[in-house]
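Residue numbering for the sequence shown is -23 to -1, 1 to 243, as defined by mature numbering (1 follows the signal peptide of the UniProt record, and there is no 0).
We treat Cβ as the ideally placed atom computed from N, Cα and C, and that holds for glycine.
Model, not experiment: these values are computed from the prediction.
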Amino acid sequence: MFRTRVLGAAFGLVAGIATLATAVGASAEALKIGVTPGPHGQILEKVKPLAAKEGLDLTVLEFSDYVIPNQALSQGDLNANSFQHQPYLDNQVKDRGYELVSVAKTVIFPMGVYSKKVKSLDELPDGAKVSIPNDPTNGGRALLLLQAKGLLKVKESAGLKASPLDISENPKKLQILELDAAQLPRSLDDVTVAVINTNFAMESGLDPNKDAIAREASESPYANVIAVRKADQDKPWVATLVKVYQSDEVKQFILDRFKGAVVPAW
């Protein structure tokens, strides 16, 4: 009888704890946030426990490309995403009709030029193969970086969406190869140089501060953003998420962890 009473009491205690935990968990707002691997994911993992203190239960989901996170957000499989800069989001909204908006700036990833074959852009031979991202905004960004380094010129009318067809001067007759952004680090064995987004460079083990032979200026229009569905932009959880992300604690984490390879944009 005594053993039965003890077991019954223990069961009641466990059940009570479980009920309390369920109640606490139910009070938190569960959100799914899409990111790309590397810095975006690492920053959101830092944000996650801070958000929990503010009543947000974040699940961080990683995607290996730039296409699916917006599709998933538009379809309601995500509540928000944090992986893209504003020009890319603008282009996706225009081309695909997504009802998505940015609600906060996050970080800037200065784009870099990498090579296994030359140590300086001055060594770039005529006819060199140069790989760049194949999406309109990042491809244009890469061409503008090459222009800033004096390697080619693009038509001014092309703006931020310049493509290889907009190259007006190419004195070295560079061969521009457009590849999926995530595949650019792998192309280094086959090209002379590759222009790579910082998140994919870091994910592949490259150090932007040490390995890039040229980098974009930090004063850039390519600030990354948190995106949500337009219908959600005024919901309280959005303001809370932005407040936590743009906190001093997260800013200091970015500065300490990435040492200039990733720069806070707020």
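Per DSSP, the unbroken beta strand (DSSP E) holding residue 9 starts and ends at 6 to 12. Setting aside the 5 residues that flank it on each side, residue 93 is surrounded in the same chain by 165, 166, each with a C-beta closer than 7 Å to its C-beta; the list follows chain order. Beta-carbon to beta-carbon, residue 23 and residue 227 are separated by about 6 Å, close enough to satisfy the 8 Å threshold. By the neighbour-count criterion, in which 16 or more other beta carbons inside 10 Å mark a residue as buried, residue 116 falls on the buried side.
In terms of CA proximity to residue 108, 123 leads the group 46, 123, 217.
Buried is the label assigned to residue 183, since at least 16 other Cβ atoms lie within 10 Å of its Cβ. Straight across, the Cα-Cα distance linking residue 197 with residue 62 is about 10 Å.
Listed as beta-bridge partners of residue 89 by DSSP are 173, 192.
Between residue 98 and residue 128 a beta carbon distance of about 7 Å is seen, short of the 8 Å cut, so the two are scored as contacting. Across the set 56, 170, 77, the C-alpha of 170 shows the shortest separation from the C-alpha of residue 101.
Residue pairing by DSSP places residue 61 opposite 202 in a beta bridge. Relative to the Cα of residue 75, the nearest Cα in the group 49, 134, 161, 223 belongs to 49. Taking C-beta atoms as the reference points, residue 37 and residue 55 fail to come closer than 8 Å. Within the same chain, and ignoring the five residues on either side of residue 201 in sequence, the residues whose Cβ sits closer than 6 Å to its Cβ are 62, 83, 84. With respect to the 8 Å criterion, residue 58 and residue 18 are not classified as neighbours on the basis of their beta carbons. Residue pairing from DSSP leaves residue 16 without any beta-bridge partner. Counting along the chain, residue 129 sits inside no alpha helix (DSSP H), nor does DSSP assign it H or E at all. Exclusion of the five residues before and after residue 220 leaves 31 as the residues of its chain whose Cβ lies within less than 8 Å of its Cβ.
Taking a 10 Å sphere around the C-beta of residue 26, we find fewer than 16 other C-beta atoms and assign the residue as exposed. Straight across, the Cα-Cα distance linking residue 147 with residue 193 is about 20 Å. For residue 91 and residue 125, the gap between their C-alpha atoms comes out near 16 Å. Rounded to whole angstroms, the Cβ separation of residue 139 and residue 120 is 5 Å, and the two are in contact under 8 Å. When the beta-carbon positions are compared, residue 238 and residue 185 come within less than 8 Å of each other. Just so you know, the alpha carbons of residue 142 and residue 112 end up roughly 14 Å apart.
At a Cβ-Cβ threshold of 8 Å, residue 174 and residue 158 count as neighbours.
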